[in-house]
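For the record, the sequence lines run as chains A and B. Adding 1294 to a residue's 1-based position in the first sequence gives its number in this note's numbering. No gaps in the numbering here: position 233 of the second sequence is 219 in this note's numbering, and each next residue is one more. The block underneath contains the structure these notes are about, expressed in structure tokens.
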Amino acid sequence: MPENGLENTGQKRAVPDEVGKAGRVVSARPHRLCDCLRARIEACDLFDGLAAFERKRAGLPSAGAPFDFLGKALWIVFVLIVISGVGLLAGYSPTVTGAFSSVERMQTSFPMGWWLRGAHKYCTDLFVILALLRLVRIAYRRAYKSPAEISWISSLVVLAVGMVAGLTGYLLVWHQRAFRMGRIFEGDIMTYEAAHPLGGLGLHGWPAGWILGGDEISQQALMAIFVAHIALGFLLMLAALCWRVTARKKVPAYRHFSPETAWPLFWSILAAVTVVAILFPPPLGSPSDGLLKPHPILADWYLLGCYQLIDILTPPAAVSLILLGFVLGALIPWIDRSSAKGPRPLVTSIVTAGLATWLIFTLKGLGWSISPAGILGLTAVVWFIAVIVGAMGEARTGAGESGREVTGR
Amino acid sequence: MRKTVGRTSAESGYLSLRRSAGRLVETLEYYSARFFGERGNPFTLSGAILIGLVIVSAVTGALMLLFYTPSPEHAAPSVHRLITEVGLGSILRAFHRASADLIIIVILFHGFRAWATARYASPRSRNWLIGLLALPLIGIIGWAGYILPWDERALVLLAWGKNLAYGPDRWPIIGWLRLGSLIGGPIFAVSGESDQLLRILALHIGGAFALIGLVIWHLGRVTPPRAKMPIAVWIGVLLVLWLLAAMIPLESEELLPFNPFAPPEHVHVDLFISFPLLFYPLLGGPILSAAIVLVLVLLAIAPRLERRIEPTAVVREIACTGCRLCLNDCPYGAITMVPHFDPAKRARGREIARVLSSCCSSCGICVGSCAFAAIELPTMTSDEIVSSVEQAMREIGTHRAASPFEEVGQ
């Protein structure tokens, strides 16, 4: 008998049976949009509680597979970001004149300020790494298949929100590099709007005007960035709450914070971040000065790739390419229609190629001396090899007949 | 089970008071269930409604933040701009405030229900404590929220809050510990107005983060959590919010400038959002803070006055449909069917389940079998129930595939 709320979640059947609260049986095939949506929302798995549950049900050891801890670690790191962020909020002054000195004061004389700042910075880095690794894991295992489409897209959005929050947080320090980077991003937004065909539709100046509060980086821009930074964090927290509420009842592993495995992870992450914050205090740089131009211009490491792409291609092309990549990534569950289970060579190799591309561009941003033509050629070679290897692997295993069971996502 | 013989008259008086409150709540629930239906009963859904209200206030707050400028000169003009120029701005602000008021009302009822129906007692007492933490937290968030426009009301509330926070320093004996400076220092001991406002903003937003964290923690300890509202209840809640928002005159309220040299005689705050502050002019800072702490401590130790609930399954009679699923599944024969408590349904031959506590081994199988969340093991969290079910299955010798988490027939 199917239990209320304990239905199979997608590995054996597309949409599970469910006995509703009023006792009516919802059929296995989604007749209505509502049922369809509910199954997908319930399959949402931001922090890997569902994955852990399925592993347990399949009789596999709960902490056996590498990379299964990613979701839990993501949640812990997010909690640390929130705690340190609220602490920082108490001492930060979002004014053009006072921002840099308030951060400096925080680093030196604010109670526990060095920890707050270090933990906030390094936890953000960790957040981006973990979210990225989680995406790669889901893609390798092809755990984005129905009914996990919304789960996949939300994981993608979490990564994007993390990166944007990181960018706005970097700008908040208002040191020379942040100021220059703000200038450049603003310039790129303006160039992009001017050059893009949609610029003629009255969009011109809108994002820059809204985000940056005008044509140049000013007090209003700093305030807007400050507010956007907090609001993004707040919306992520709210997403966590909604995820917790929509989780089906009676399935204990939905509790992302089951104490026996999570506490050791929490303490080790806290210790690691604290040690790193002591050994490498986040650099402060020098106060912003509109007349000076630092060299090289640096963003946080995870945005270097994007910046190099903008540098090599023109801004409109680069921004379009990034948006296109994001949309294609979100559409993977609908692109990959094969009913085969388990990893597929083609998907694995394409995801690897995407990662390699990102790595190449990041290395370029870190100072690898290679010409723009060279970097584009290298990327093309990587993609060529990936497609060839993937297709060969696909031909060897025979697409569609692989029956391997995947239990985690 | 604690011995019941040595019970003092005060203790039994407390228990009889609690029980009559419990009967009141059950009667309310019964009649409102007849009116709203079992699934949409707002009295049993108070927790889910609270979560919905927290979401509403968080979303409106995050949107309002986009238009707010946290500096002493610009705060009041930015709020004024929000309600006059920004489209939907006044509605956002009214909803934010109405949902904050409603949160106070609903959380007080939620706590009253948990107390009256003995849900706060021993097995769930930790969740009761988590809920108690939310009370002062919501008070602090509301107080800080009133200060953010940095008008003349903010000046008065800041002074009150400062006196309340530093209150413990003026208590006899305990004042020697300087607890007040420890609490109030980080918020009030700042150099300028600008820093002061930023710390209050940090308190408001950080408090909201902490509240959501508390809700997630609280939910993890409820079994089974009824955290989702049906669409109809959502619509009802939004309607009530809209009515409340229409009743609170925000449009006509002027934001008088902050003037430290001419503090106003009287300020207006909504009744609910910071209702302990109503007593401030009467009691003064130290006494009021002592009273708040005393009330919270009393509420925190109240579960100790109850007998321990025996660790057996309990039928939520209002939700039981008499479907006999638990009767069929219980391996210990601990479930019997008895006539329905409602005379009309009893006349039609309806029955409900009852647990024979002498037979129940609290294995949790019935909790897994009930499709209506009508039987629960109040002593256990979901994790514990599942592991206990799995253990019971192994002991009974059933094949693993018959565990309630497998679908038989696969």
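Ideal Cβ placement from N, Cα and C applies to all residues, glycine included.
Going along chain B in order, which residues have a C-beta closer than 9 Å to the C-beta of A:Pro1610?
Per Cβ cutoff of 9 Å: no residues; A:Pro1610 is ~27 Å from chain B at best.
Below 7 Å CB to CB, which residues in the same chain sit around B:Pro56 once its five sequence neighbours on both sides are set aside?
Leu183, Leu184, Leu187
Cβ atoms of A:Arg1326 and A:Pro1637: under 8 Å apart, would you say?
no
Quick check: what's the CA-CA separation for A:Val1376 versus B:Ser373?
33 Å
Can you tell me whether DSSP reads B:Thr322 as helix, strand or coil?
strand
Would you mind telling me which residues of chain A sit closer than 7 Å to B:Ala48, beta carbon to beta carbon, in chain order?
Ala1525, Phe1528, Leu1529
B:Ala218 versus A:Phe1655: straight-line alpha-carbon distance, rounded:
51 Å
For A:Gln1602, does the count of other Cβ atoms within 10 angstroms reach 16, so buried, or fall short, so exposed?
buried
Neighbourhood of A:Ala1472 by C-beta distance below 6 Å, restricted to the same chain and skipping five residues each side:
Sequence-distant partners of A:Ala1472 (beyond 5 residues in either direction) whose C-beta falls short of 6 Å from its own C-beta, in its chain, are Tyr1464, Leu1465.
Going by other Cβ atoms of all chains shown within 10 Å of its Cβ, with 16 needed for buried, is B:Ile159 buried or exposed?
exposed
Would you check if the distance between the CB atom of A:Phe1528 and the CB atom of B:Ala61 is smaller than 8 Å?
no
Buried/exposed call for A:Gly1416, threshold 16 Cβ in 10 Å
The sequence as given places Tyr at residue 1416 of chain A; Gly does not occur at that position. Counting C-beta atoms within 10 angstroms of its own C-beta, A:Tyr1416 has 16 or more neighbours from the protein chains shown and is therefore classed as buried.
Identify the contact partners of B:Pro267 in chain A, using a Cβ-Cβ distance below 8 Å as the criterion.
Here the premise fails: no neighbours, minimum Cβ distance about 29 Å.
Backbone secondary structure at B:Ala339 - three-state DSSP:
strand
Closest to A:Phe1341 by CA distance: which of A:Pro1639, A:Ala1534, A:Ile1679, A:Val1570 is it?
With distances taken between Cα atoms, A:Phe1341 lies closest to A:Ala1534.
Who are B:Glu362's beta bridge partners in DSSP?
B:Val300
Report whether the distance from the Cβ of A:Phe1361 to the nearest heavy atom of the ligand FMN is below 7 Å.
Absent from the structure shown: the ligand FMN. Ligands present: none.
By DSSP, does A:His1469 sit in helix, in strand, or in coil?
strand
With 8 Å set as the bound, which would you pick, yes or no: does the beta-carbon of A:Ser1387 sit closer than that to a beta-carbon of chain B?
yes
Quick check: the Cα distance between A:Gly1456 and B:Arg207, rounded to an integer number of angstroms?
29 Å
Is there at least one Cβ from chain B nearer than 8 Å to A:Leu1383's Cβ?
yes
Any beta-carbon of chain A closer than 8 Å to the one on B:Asp328?
no
Rounded to whole angstroms, what's the CA-CA distance from A:Gly1558 to B:Glu376? Just pull it up for me.
It should be pointed out that residue 1558 of chain A corresponds to Pro in this sequence rather than to Gly. Those two C-alpha atoms are separated by around 26 Å.
Compare the Cα-Cα distances from B:Ile278 to each of B:Leu150, B:Leu311, B:Ile37 and report the closest residue.
B:Leu150
With 16 other CB atoms within 10 Å as the buried threshold, where does A:His1550 fall?
Any reading at A:His1550 needs caution, since the residue's pLDDT is 46, under 50, leaving its predicted position unreliable; the model's value is listed next. The residue is buried, with at least 16 neighbouring Cβ atoms inside 10 Å.
Determine the extent of the alpha helix (DSSP H) in which B:Gly75 is found, giving its start and end residues.
Residue range 75 to 102 is occupied by the alpha helix (DSSP H) that includes B:Gly75.
Considering only residues of the stretch 120 to 185 of chain B, which uninterrupted alpha helix (DSSP H) runs meet the minimum length of 4 residues and lie entirely inside it, listed in chain order?
138 to 151, 165 to 174
Between which residues of its own chain and A:Phe1361 is the CB-CB distance below 7 Å, once the five residues before and five after are set aside?
Leu1427, Arg1431
Reducing DSSP to helix, strand and coil, say where B:Val283 ends up.
helix
Compare the C-beta of A:Arg1538 against all C-beta atoms of chain B and say whether one is closer than 8 Å.
yes
Residue range of the unbroken alpha helix (DSSP H) whose run includes B:Val11
B:Val11 -> alpha helix (DSSP H) spans -5 to 22.
Tell me the residue span of the alpha helix (DSSP H) that contains A:Pro1627.
1626 to 1629
The stretch 132 to 158 of chain B: positions lying closer than 7 Å to chain A by Cβ:
none
Could you tell me whether the Cβ of B:Ile37 comes closer than 8 Å to any Cβ of chain A?
yes
How many Å lie between A:Phe1363 and B:Leu68 at the Cα?
44 Å
Would a C-beta distance cut-off of 8 Å place B:Ile304 and B:Ala19 closer than the cut-off?
It is a contact, given that the beta carbons lie within the stated cut-off.
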